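Protein chains in written order, with the numbering used here: chain P, 1 to 224; chain Z, 225 to 448; chain E, 449 to 672; chain X, 673 to 896; chain C, 897 to 1120; chain U, 1121 to 1344. Worksheet: the structure to be examined is printed underneath.
There are 6 protein chains.
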Amino acid sequence: MSGVVVRSIERAIPEIVDGLGRCGVATVHEAQGRTGLMAPYMRPIFPGTRVAGSAVTISAPPGDNWMVHVAIEQLQAGDILVLAPTSPCTDGYFGDLLATSAAARGCRGLVIEAGVRDVSDLIQMGFPVWSRAIHAQGTVKATVGSVNIPIVCAGGLVHPGDVIVADDDGVCVVTRDRAEEVLESARRREAAEEQKRRRLAVGELGLDIYDMRSKLEAAGLRYV
Amino acid sequence: MSGVVVRSIERAIPEIVDGLGRCGVATVHEAQGRTGLMAPYMRPIFPGTRVAGSAVTISAPPGDNWMVHVAIEQLQAGDILVLAPTSPCTDGYFGDLLATSAAARGCRGLVIEAGVRDVSDLIQMGFPVWSRAIHAQGTVKATVGSVNIPIVCAGGLVHPGDVIVADDDGVCVVTRDRAEEVLESARRREAAEEQKRRRLAVGELGLDIYDMRSKLEAAGLRYV
Amino acid sequence: MSGVVVRSIERAIPEIVDGLGRCGVATVHEAQGRTGLMAPYMRPIFPGTRVAGSAVTISAPPGDNWMVHVAIEQLQAGDILVLAPTSPCTDGYFGDLLATSAAARGCRGLVIEAGVRDVSDLIQMGFPVWSRAIHAQGTVKATVGSVNIPIVCAGGLVHPGDVIVADDDGVCVVTRDRAEEVLESARRREAAEEQKRRRLAVGELGLDIYDMRSKLEAAGLRYV
Amino acid sequence: MSGVVVRSIERAIPEIVDGLGRCGVATVHEAQGRTGLMAPYMRPIFPGTRVAGSAVTISAPPGDNWMVHVAIEQLQAGDILVLAPTSPCTDGYFGDLLATSAAARGCRGLVIEAGVRDVSDLIQMGFPVWSRAIHAQGTVKATVGSVNIPIVCAGGLVHPGDVIVADDDGVCVVTRDRAEEVLESARRREAAEEQKRRRLAVGELGLDIYDMRSKLEAAGLRYV
Amino acid sequence: MSGVVVRSIERAIPEIVDGLGRCGVATVHEAQGRTGLMAPYMRPIFPGTRVAGSAVTISAPPGDNWMVHVAIEQLQAGDILVLAPTSPCTDGYFGDLLATSAAARGCRGLVIEAGVRDVSDLIQMGFPVWSRAIHAQGTVKATVGSVNIPIVCAGGLVHPGDVIVADDDGVCVVTRDRAEEVLESARRREAAEEQKRRRLAVGELGLDIYDMRSKLEAAGLRYV
Amino acid sequence: MSGVVVRSIERAIPEIVDGLGRCGVATVHEAQGRTGLMAPYMRPIFPGTRVAGSAVTISAPPGDNWMVHVAIEQLQAGDILVLAPTSPCTDGYFGDLLATSAAARGCRGLVIEAGVRDVSDLIQMGFPVWSRAIHAQGTVKATVGSVNIPIVCAGGLVHPGDVIVADDDGVCVVTRDRAEEVLESARRREAAEEQKRRRLAVGELGLDIYDMRSKLEAAGLRYV
């Protein structure tokens, strides 16, 4: 299954992708029935960014970033690179040169279950990255992997063209064919939360807003 | 021992709590005989904050944040929520809605040996959190835990009403009945340190200030 | 081998040290044949700093910072303290008083495979630290270690007088006698990268710049 | 996607399942193009066992083993239970009572990215388990999950009915529709290895058997 | 609070201690309301042992085993040593000489949130140890700690004289004053489990024995 | 520094190597002044073995075991292979075929800061391995590393020809030129320990044998 580049993938409609990006990871994850979230060790290299894009996936051997070059050719504006190594690795697969190249093609960021380097430069460029590690360790270009095949990245299953939403809370994968439905659900959720936020801000209790008191009593909670 | 909410707890005098907060974690920990420190994986979600408050404790099942709602009703101005799951968990128990509710009751922050989410919002609100993880993973409200019972959080024993001091160095628990004595000791320590800082700043050596040379020689240190 | 302080060590020429510092960790590591890099868990306590200096090494028992005082006397302007505990430890060996003392002697920073504390103060002082942990836990002064002997720190072998380069990408050790040669190689590398950066920025592909297409085909890559 | 039990799943032919079991994880993983392997933290609770079976999958909330009871009803002789929690958890979802129940239905073992308990009993019963942890921590039965949906377990994607092969080397998932082809490839590989083993055992070198010398020279290897 | 040896501690009645030992960790932990369990990284150095004893507690600095010698004098037949370092440490605090000494005083084992060494000898002696690590790293005898004060060991709060139960499932602490009540509850639990085991062994389902079907349906579980 | 095979290395005298092996890791580590110990995550794949041999070192890229084949040609009877990857990796570099080949050349074992596979076979062969992981994940043969250069393995500095001692307590490196002196010191240590063991076995206390009571009092220990 290795050594394959799928050139033609389907993507979600840009407006839907962007809408999911505005909702953010926590809301989208809830709206999708709490599925698709990557592991908590996936952290942004700088705080305060929220992006969404279509996944161009990379399966790469440990310590070998050859496939990143191959994947960059497959990028379209609005895409996000998603790389999973075939075994655990913290090497710096990606630095400022690759970021320059990816950005030139309209790439919105990188999600990588491995390491990145040149992070000062990446921060200055404002190129968003969620990674497992920051490590200057270089990689080789000796063994092929695959581009645009389904991968498991940080515990999340990613098909090429799925929508990736990432912010300070982590990274969430939205299945392409459910993207529209998830967006609608996310927006409903946001509206409902806004109401609750106002009530909580003036001191109302969740115990009352969500009508929990009788359920807690039934579950055996005792006040002493 | 589960399923209990203790409604009435004793707290330390506000002036003492605030005084401990000004001293900070490293000084308070020393002043208390190097006890009460939580594990180093407890990290602030944003840097530069130093707080102190009275502990309202939460013992919660993994992946279940029902008790947070219960605990918020028990909060008084100046309190800090301290949550330990009953088994290791990185789920996001707490986000911007709960922070809004807690802040409305005067809560000064959260210490949680698990995950939080909506961290961009929490940062914008300036709501201080020390956590083991940042994770968008949601929780359920299905099983009761307890509020205001003694808990072990990140290796530290916390009784309700104990003083929690937290800053960029981590989190320290000061036993309520020793709070005043610890504050006095911390202030003496600060004064003594200020003197040493001035001497060190002009190039005097700790070897001389602390009179270490003969002790080092006795311990077998050789210069070659 | 414990209990020794080597007073006289050789250092690299200041211009070479500073030149390596300007190149940064990722470039220097490549220029040195991808050797000398410390483990990715060595992280700066604040972002955006890049330093280089001559290593004054410390081998210290777990939870005992006596040797830091001893090492500070051996510092010259332009040095960097490098501490490895003799067994895994996250205690706060170093805080604002020691930083004040080290800075007074011209020390450029600390690399420590253990913990530091008073990090708010260290950040305000602008004293650079790369550490494995941040922990307020104090240490004792009871057992001697050694200063300026070869140590293994975070997987990197460090001889006293070696050049330490550290930035947001981590920490790299350059062997003193290879420092000049590594600097030249690093500069050549920087020049070559600048050219490539310009070509990539306008949309040329690494696949073409590095002439990878035929090699990928030979390695079995198939486009579908 | 939660709260679903798929009652009817397709399984591979028993002879193929058993054949894969005899080949073992390392061989099967190679024969499948190095895909399907779970993470190395999945370890057997006792050494020396090699099993294969058809996956009955469980997606369960952290600290909640209700779905294990549900899944057991879906078991057929020759099946293996595969459980992934919806967030990281080390609780003991499974002990000797559940093992008794599963064994009574012909279950060949359990693969669980969480904890198990009563391991002395499980060892005495000879019930094979590969888990992330051993922990006596109990679970609740409060929130539904799903049975026989696709899950990601320890980094491996598992569809219900896939073939699970597990031994001292870990756990590998073989896609059901490729099971026969993988078995054939595994057997060819075993035969080829047997030949090589004999030659290596009498002192022939891999360098010669695999004809590596010229390739190593071309890759730049120098003998000094 | 450091530097104290409490010579006189109360212990539970031997018959109760031994009874708890026969029940084992998982049962006792349940019987005590799922409290008192240590973290899952506490593992036995050899499998198949089940012990119970009265805790003689040790709080020791990292890398310093002086207090173990002090604690051994406080041992009575039937006791178990429980050591927590004051900060994370994996050093080998305990080896065959100390085991010989402890065994000579009737000590039943060691629970240590740090490392041990000479494990081949310990295994040959049959001296039970639950530890966080196995490491040959030696320790010093330079700084005092305390004996028989309350400690937090691997997340569990231990008072001197509490009953420690340990087996292949880990380590559980039973509060001394609840020991009798916990034992009774544990025995009831064992009896109830025996019944269920028989029913499950002949193929009855937990779904029916525990009457779960309607609850699952009410919770929204759907069979498809 | 990569791509080099040093063919001629010096080894310690066989009698000294074997003598060190009989002493074991804990004793040798002490005898060498507590230096040379590898990290505690280096564990044997089966218990009860104690070996010593001369190090043939391997520096290999992550996920690439080409150099193992190269190193095997350099083996002499009595050697031990020691492999450190150039960045963290858990792949299975070594299995039963390579073990067959190494054993045919008189190799006594493998120390690897990475993964091994075919462990059932290795156990049946009785081929000793100390590794960081067990993982069936295969490796490639695409990039050269080096053989018989100095490496840092699991925190220990290893020169080719150094003596490796390994048992259930871990792995220790003895510098070749100090091997004889360390052996003598180790034997003295063993004799001294034997005496102490006898005294401790009959109930004498370390407090008295080592004359600790006055030192403890001077250090501030109080009995209450």
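Every residue gets a Cβ at the ideal spot worked out from N, C-alpha and C, and that includes glycine. As the structure is a computational prediction, the values presented were derived from the model and not from experiment.
Proximity winner among the options, relative to residue i (alpha-carbon distances)
i, options, result
"A1180 of chain U", "U:G1173, U:L1341, U:A1256, U:L1203", "U:L1203"
"G574 of chain E", "E:L523, E:T591, E:H583, E:A550", "E:A550"
"A1286 of chain U", "U:S1174, U:G1235, U:D1241", "U:S1174"
"S1016 of chain C", "U:R1309, U:D1288, U:L1320, U:I1271", "U:D1288"
"T1295 of chain U", "U:G1323, U:T1206, U:L1157, U:D1216", "U:L1157"
"P800 of chain X", "X:G810, X:D736, X:T815, X:V783", "X:V783"
"Q748 of chain X", "X:T758, X:D736, X:S759, X:T729", "X:T729"
"H807 of chain X", "X:G750, X:F766, X:L877, X:C825", "X:F766"
"R939 of chain C", "C:E1090, C:E1009, C:R1013, C:P984", "C:E1009"
"R1001 of chain C", "U:V1188, U:A1339, U:P1160, U:A1321", "U:A1321"
"T1035 of chain C", "C:I909, C:I905, C:Y937, C:P958", "C:P958"
Own chain, CB closer than 6 Å to residue i, minus 5 neighbours either side, in chain order
i, result
"A1082 of chain C", "C919, T923, V924, A927"
"I16 of chain P", "A179, E180, L183"
"W290 of chain Z", "K365"
"G557 of chain E", "V499, I528, P576"
"V697 of chain X", "V837, D839, D841, G842, C844"
"V158 of chain P", "A55, T57, V82, I151, V173"
"V816 of chain X", "G675"
Cβ of residue i within 9 Å of any chain Z Cβ
i, result
"L824 of chain X", "The question names Leu, but residue 824 of chain X in the sequence shown is Val. Answer no: the Cβ-Cβ gap between V824 of chain X and chain Z never drops below 9 Å."
"W514 of chain E", "yes"
"H741 of chain X", "no"
"A133 of chain P", "no"
Beta bridge counterpart(s) of residue i as assigned by DSSP
i, result
"C396 of chain Z", "Z:L261, Z:V389"
"Y1343 of chain U", "C:V901"
"P981 of chain C", "C:A956"
"V364 of chain Z", "Z:D288"
"C1227 of chain U", "Answer is none; C1227 of chain U lacks a bridge partner."
"R715 of chain X", "X:S803"
"C1273 of chain U", "U:G1276"
"V465 of chain E", "For V465 of chain E, which the question treats as bridged, DSSP gives no partner whatsoever."
"A724 of chain X", "X:V837"
"D527 of chain E", "E:S502"
"V1236 of chain U", "U:I1254"
"S1266 of chain U", "U:S1179"
"G764 of chain X", "X:G787"
Chain X within 9 Å of residue i, Cβ atoms only
i, result
"G920 of chain C", "yes"
"R1228 of chain U", "no"
Nonlocal neighbours in the same chain, by C-beta distance under 8 Å from residue i, ignoring five residues either side
i, result
"R679 of chain X", "Q746, N820"
"P1134 of chain U", "G1198"
Minimum Cβ-Cβ distance from residue i to chain E less than 9 Å
i, result
"C1068 of chain C", "no"
Chain B within 9 Å of residue i, Cβ atoms only
i, result
"R1163 of chain U", "Any reference to chain B falls outside this structure, whose protein chains are P, Z, E, X, C and U."
Residue-level contact to chain C via CB, residue i, 9 Å cutoff
i, result
"G787 of chain X", "yes"
Cβ of residue i within 9 Å of any chain U Cβ
i, result
"G899 of chain C", "yes"
Contact with chain P by residue i, beta-carbon distance below 9 Å
i, result
"E521 of chain E", "no"
Looking at chain E, which residues of the region 1033-1047 of chain C have a Cβ within less than 8 Å of any of its Cβ atoms? Answer set for the region 1033-1047 of chain C: Q1033, V1036, A1038, T1039.
Could you list the residues in the region 91-103 of chain P with a C-beta less than 8 Å from some C-beta on chain U, going in chain order? Of all residues in the region 91-103 of chain P, D91 have a Cβ within less than 8 Å of some Cβ in chain U.
Residues in the region 51-63 of chain P with C-beta within 9 Å of chain U's C-beta atoms, listed in sequence order? Against chain U - using a Cβ distance shorter than 9 Å - the residues of the region 51-63 of chain P are P61, P62, G63.
Residues of the region 1286-1313 of chain U in Cβ contact with chain P at a cutoff of 7 Å, in chain order, please. Within the region 1286-1313 of chain U, contact with chain P at the beta-carbon level (separation under 7 Å) is assigned to no residue.
Near-chain E residues of the region 5-16 of chain P (beta-carbon distance less than 8 Å), N- to C-terminal order: If the cut-off is 8 Å between Cβ atoms, the region 5-16 of chain P has V5, V6, R7 near chain E.
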